[in-house]
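In order, the protein sequences belong to chains A and B. If you're matching positions, the first sequence starts at 1 in the numbering used here and goes up one per residue. If you're matching positions, the second sequence starts at 157 in the numbering used here and goes up one per residue. What follows is a single structure, written as structure tokens, with notes after it.
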Amino acid sequence: MLCLLPWGMAHGLQPPSGRVVLTISGRVGKPNVADAAQFDMAMLEQLPQHSFSTSTPWYSEPRKFTGPLLRDVLAACGAQGSTLRAIALNDYQVDLPFDDAQRFDVLLARLLDDRPMSVRDKGPLFIIYPFDTRPALRSTTYYGRSAWQLKRIEVR
Amino acid sequence: MATEAHRGPLAPTGGPRVERSWRPTLLGLLGGVLVLVLAAAALVQVRQFALLKHSVASQDDYVALGIYQVEVEYYRLRESFLRAQKPAVPLDREALQLRYDIWVSRIGLLRNERTARLMVGDADYEGPLHMIDAFIARADEVLGTSRPKPVDAAALAALQPQLDALARPIHSLSLSAAHRVSEQIAERNQAVRQHNQVGLLLTGFLLLLVLAIGALALRQMRLLRERQQTLVDLTAHLREARQQAEAASEAKSVFLANMSHEIRTPFHGLLGMLSLLRDTGLNARQVDYLRTATESADHLLTILNDVLDMSLLESGRLTLSEEPVDLRELLREVESLMRPQAQTKSLALHLDADPGLPEKVRADRTRVKQILFNLLSNAVKFSDRGVVVLELRRVTGDGGGAQLEFVVTDTGIGMDQATLARLFKRFSQGDESRSRRHGGTGLGLEISRSLARLMGGDVTATSVPGEGSSFSFRMPLHEVAPAKPAAPQTAPGAPTGTGGPGPLRVLVAEDHPVNRQYMEALLQGMGHEPFFAGNGVEAVQALRERRFDVVLMDLHMPLLDGVGATLSIRALPDGAAATVPIIALTADAFAQTRERCLMAGMNDFLAKPVSPERLSAMLRRLFGGPAGETEATRSLPSSPTTDLAPPLLDHDTIETAQRAMPRERLAYLLRSFFEQGPDLVRRLRVALRDGQALDLRVNAHAAHGAALNFGLTALAHTAQALHEGATHVPAHEVARLIERYEQLLQRSRAACEAEGLLDARTVTE
Chain A
1 MLCLLPWGMA HGLQPPSGRV VLTISGRVGK PNVADAAQFD MAMLEQLPQH
51 SFSTSTPWYS EPRKFTGPLL RDVLAACGAQ GSTLRAIALN DYQVDLPFDD
101 AQRFDVLLAR LLDDRPMSVR DKGPLFIIYP FDTRPALRST TYYGRSAWQL
151 KRIEVR
Chain B
157 MATEAHRGPL APTGGPRVER SWRPTLLGLL GGVLVLVLAA AALVQVRQFA
207 LLKHSVASQD DYVALGIYQV EVEYYRLRES FLRAQKPAVP LDREALQLRY
257 DIWVSRIGLL RNERTARLMV GDADYEGPLH MIDAFIARAD EVLGTSRPKP
307 VDAAALAALQ PQLDALARPI HSLSLSAAHR VSEQIAERNQ AVRQHNQVGL
357 LLTGFLLLLV LAIGALALRQ MRLLRERQQT LVDLTAHLRE ARQQAEAASE
407 AKSVFLANMS HEIRTPFHGL LGMLSLLRDT GLNARQVDYL RTATESADHL
457 LTILNDVLDM SLLESGRLTL SEEPVDLREL LREVESLMRP QAQTKSLALH
507 LDADPGLPEK VRADRTRVKQ ILFNLLSNAV KFSDRGVVVL ELRRVTGDGG
557 GAQLEFVVTD TGIGMDQATL ARLFKRFSQG DESRSRRHGG TGLGLEISRS
607 LARLMGGDVT ATSVPGEGSS FSFRMPLHEV APAKPAAPQT APGAPTGTGG
657 PGPLRVLVAE DHPVNRQYME ALLQGMGHEP FFAGNGVEAV QALRERRFDV
707 VLMDLHMPLL DGVGATLSIR ALPDGAAATV PIIALTADAF AQTRERCLMA
757 GMNDFLAKPV SPERLSAMLR RLFGGPAGET EATRSLPSSP TTDLAPPLLD
807 HDTIETAQRA MPRERLAYLL RSFFEQGPDL VRRLRVALRD GQALDLRVNA
857 HAAHGAALNF GLTALAHTAQ ALHEGATHVP AHEVARLIER YEQLLQRSRA
907 ACEAEGLLDA RTVTE
């Protein structure tokens, strides 16, 4: 099953087998459950992983974040739109432009310092912009868009 | 005094000059302040920038949100707790766990340094945190990751009180956070407001500075304008002053010219009477006294002339009247005048003229003589022994032009360097005692040199004390071509020396009784018959009534002056009266006067005082030699003795003319020519009187052509002379030529008649 998954990704999204950690709804081209795309952690692990270290306002020191690129995740389910509404476990929501995922290497982090993030650690998923790489991102706007405890993305 | 007067009009510049010395300092000061102000403004900007950056970095607004979230999640957790304890509903452990984990994650955020920075020192920060930590420690036993104990309603119920107890502390934490943030915002606003105020102050200050600089610039411009105006005023002032000075000088010259006549007139009376006295039979003592008186009068006249000359030279009004001058004759005159003086002092006088010199030159005879007399009399004055030499030679001047050089050398006392240096300065007379003894105005050399320079030359001197001096007078050499053969012979066979024309009827127009007496004596002494008119009107009237041979006309007379009388005379209907020679007697030396006389139709001038020699010379010139020459003798065909006079008739031409046309025709033409002759003469005289040189030329040319065709050679020559000389020959010469033409006309006619050329045979016209 695992070895088939990459092949499955290219042609359509398999339904999740484990616990769903992320639901992408709205203008989704390749839904796998009803008209939404649901991912479990294994599916996200299958996508190419990237990591970078960056300093953030939430940690006193720079931390290493690892995970798939947001745009890869969106591509995997054929999401196409102009705005992404990120909604967190505590009902925090914020709108990102769809372009941000394309322009910047926005990470959908699942590992903090190579360790999975529990809810307490702001996991399981954290949208992280490469703050240290791009000084322009170090502003309130982008800090606001960096939603942790990510639950759901609505593509509009 | 002079400096003050000098600084008077320039005083305004004294002020600005002081200001200018600290102007740079003021400007420097302003500049420095400007720089400081700009630096301060920059500083404010930098601080503001830093402030804003800091606020962005600290994210205080989001920290507050974080703290509110703690409270929100707390209530959600409590709600979950309560729901989970309801017996009817099955326990949703997942949801509870999630709620708990989310809340705990929010607590973690409370601990980070940003929050710590915001809430530092706040009592409501540490207390709640401790209580929260305590609760979490106990709750983790049930809901923690390791899950040592099972989750059931009972366990939750045990935790409930502790959970409830957290409500108030968490709430006050939220409120504190809110207050803190608000304070921070207020502080920041205050800081921004302060920056704004400082910014405004700086801007205001900058504005003031700009205004100050602008004001300074304006002031500078105003000062500049003021200074300019002062200069303009000064210039106008100076111009006015100069005009006044010039006007004063002009007035002085005019005054002097007027006075000269007034002074001279009684003078001439004095001199005249003195000279007449000489002939009235005096004893030796009287003669001696008379000589002294005459010498004094002469000296006074010299002084007067010098003063007048000086005034003319200074005002630039002295003009030279150049004419052809016979050099050798000039030298002879000079010699004859100087010889007596030299002989008195037992000095030898030599004159030496370069043989290569031209016969005649263009020069002002009077002035050249004046200079020579000055130099020679100085030489005689300052020599007690030896010889005075006057040499005349041709030299080349500095500019390459030909010059005449008169050198006067003496063997006198000489002069030292100091005296030489002062020589040409006025009133400096080498040897004071000697000068006083011999008289002299002290102006002589200065006048001589000024005159020489006016001519285009100079007077220079060298000397060796004890041995003698040498004065060199140079002037440009302008040769005059020898006289034309056609120039009229004034008196064929006239004697060279003594004698004069026969008794002439002379009309003297003169308003001064003394002068009239003098002229009477003079003329009678020459054997002429003088008649008198007291003014111009009487003179014209006299000419209307009677014939005179010549008129001596004083220029300044009441009622009608000399010029006016001349004009009236020339306009007389009677031809003979209208053409009477008029000689002006004038005391003033201005060239304009001479011009006016010539234009009026006068023939010549005699300067007052009238010297017998000059008067007789002039009369001789006009009327020829001693009595005996009548009209009859003069109308004979010209004798071979005067080889320069052309023949009356040229027979070759006549024969040619006779061959060209019938005899009767030629006779008719000749007759017409002679009949028109007088008319032509009248036209010539009118042209002369009116100064119409062109008319003169035209008529003379016509006459010349006609006369030449008919072979009337003498007539043709005279006409030719008239034609050529119309513009530059003096008026009295032209008058003489016209008279000669008239005479020749009659003689030619007589000659033609004698040869039968005028016979009219058959006239078919």
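Virtual Cβ for every residue (Gly too), placed ideally from N, Cα, C.
Asked	Found
Excluding the 5 residues flanking GLN225 (chain B) on each side, which residues of the same chain have their C-beta closer than 6 Å to its C-beta?	ARG262
Going by beta carbon distance, what residues of the same chain come within less than 7 Å of PRO57 (chain A), once the five residues before and after it are set aside?	TYR143
So the alpha helix (DSSP H) GLY720 (chain B) belongs to, where does it begin and stop?	718 to 726
Quick one: Cα of PRO514 (chain B) to Cα of GLU769 (chain B), how far?	27 Å
Show which residues of chain B have a CB atom less than 9 Å away from the CB atom of LYS64 (chain A).	Those within 9 Å of LYS64 (chain A) in chain B number zero; the least Cβ separation is about 18 Å.
Anything in the region 57 to 84 of chain A with a Cβ closer than 9 Å to a Cβ of chain B? List those residues in chain order, please.	PRO57, TRP58, TYR59, SER60
If you measure from the beta carbon of ASN352 (chain B) to each beta carbon in chain A, is any gap under 8 Å?	no
Would you mind stating whether GLU229 (chain B) and ILE258 (chain B) have Cβ atoms separated by less than 8 Å?	yes
Assuming GLN728 (chain B) and GLY692 (chain B) make a contact with CB atoms under 8 Å, what is their CB distance in whole Å?	Reading off the sequence, residue 728 (chain B) comes out as Leu, not Gln. Not quite, the Cβ-Cβ distance comes to about 13 Å (not below 8 Å), so this is no contact.
Would VAL20 (chain A) pass as an interface residue toward chain B - the criterion being a Cβ-Cβ separation below 8 Å?	no
So which residues on chain B does GLN149 (chain A) lean against when the C-beta distance must stay under 8 Å?	ILE258, SER261
Strictly below 7 Å CB to CB, what residues from chain A border GLY264 (chain B)?	ARG120
Return yes when the Cβ of GLY67 (chain A) is within less than 8 Å of the Cβ of VAL155 (chain A), no when it is not.	no
Kindly indicate the opening and closing residues of the beta strand (DSSP E) around VAL245 (chain B).	Note, VAL245 (chain B): premise wrong, no beta strand (DSSP E); not H, not E.
Does ASN90 (chain A) get closer than 8 Å to chain B when you measure Cβ to Cβ?	yes
Residue range of the beta strand (DSSP E) that GLN14 (chain A) falls in?	Element bounds for GLN14 (chain A): n/a, residue is neither H nor E.
Taking C-beta pairs closer than 8 Å, name the residues in chain A that GLU229 (chain B) reaches, listed in chain order.	ASN90
Kindly confirm or deny that the region 430 to 449 of chain B and the region 484 to 503 of chain B touch, where touching means at least three C-beta pairs closer than 8 Å.	no
Tell me the residue span of the beta strand (DSSP E) that contains ARG85 (chain A).	83 to 88
Out of B:GLU911, B:LEU878, B:ASP915, B:LEU871, state which residue places its alpha-carbon closest to the alpha-carbon of GLN899 (chain B).	B:LEU871
Measuring only the C-alpha atoms, how far is ALA907 (chain B) from VAL736 (chain B)?	28 Å
Do CYS77 (chain A) and LYS30 (chain A) have their C-beta atoms within less than 8 Å of each other?	yes
Whole angstroms is fine: what's the gap from ALA813 (chain B)'s alpha carbon to GLU889 (chain B)'s?	33 Å
Measure the alpha-carbon distance for PRO803 (chain B) versus THR869 (chain B) and round it to whole angstroms.	6 Å
Could you name the residues of chain A that ASN345 (chain B) contacts, counting a contact when the two beta carbons are closer than 8 Å?	Neighbours of ASN345 (chain B) on chain A: none; closest Cβ ~18 Å, over 8 Å.
Rounding to the nearest angstrom, what Cα-Cα distance links THR652 (chain B) and LEU775 (chain B) in this structure?	For THR652 (chain B), the pLDDT reaches just 42, beneath the cut-off of 50, and the residue's location in the model is therefore unreliable, leaving the point undetermined.
Could you check where the beta strand (DSSP E) with VAL94 (chain A) kicks off and where it finishes?	93 to 97
Please confirm if LEU254 (chain B) has its CB atom under 8 Å from at least one CB of chain A.	yes
Between the alpha carbons of PRO686 (chain B) and ALA608 (chain B), how many angstroms are there, rounded?	41 Å
Nearest CA to the CA of HIS884 (chain B): which residue from B:ARG838, B:ALA763, B:LEU754?	B:LEU754
Bridge partners of LYS516 (chain B), per DSSP?	B:ASP482
Could you check whether LEU678 (chain B) and LEU778 (chain B) sit closer than 8 Å to each other, using their CB atoms as the reference points?	no
Strictly under 8 Å for the Cβ-Cβ distance: is ARG270 (chain B) near chain A by that measure?	yes
Buried or exposed: VAL410 (chain B), going by 16 or more other Cβ atoms within 10 Å of its Cβ?	exposed
Out of B:GLU396, B:ASP465, B:TYR445, B:ALA244, which has the shortest C-alpha to C-alpha gap to ILE603 (chain B)?	B:ASP465
Pair every Cβ in the region 185 to 202 of chain B with every Cβ in the region 354 to 366 of chain B, then say whether three or more of these pairs are closer than 8 Å.	yes
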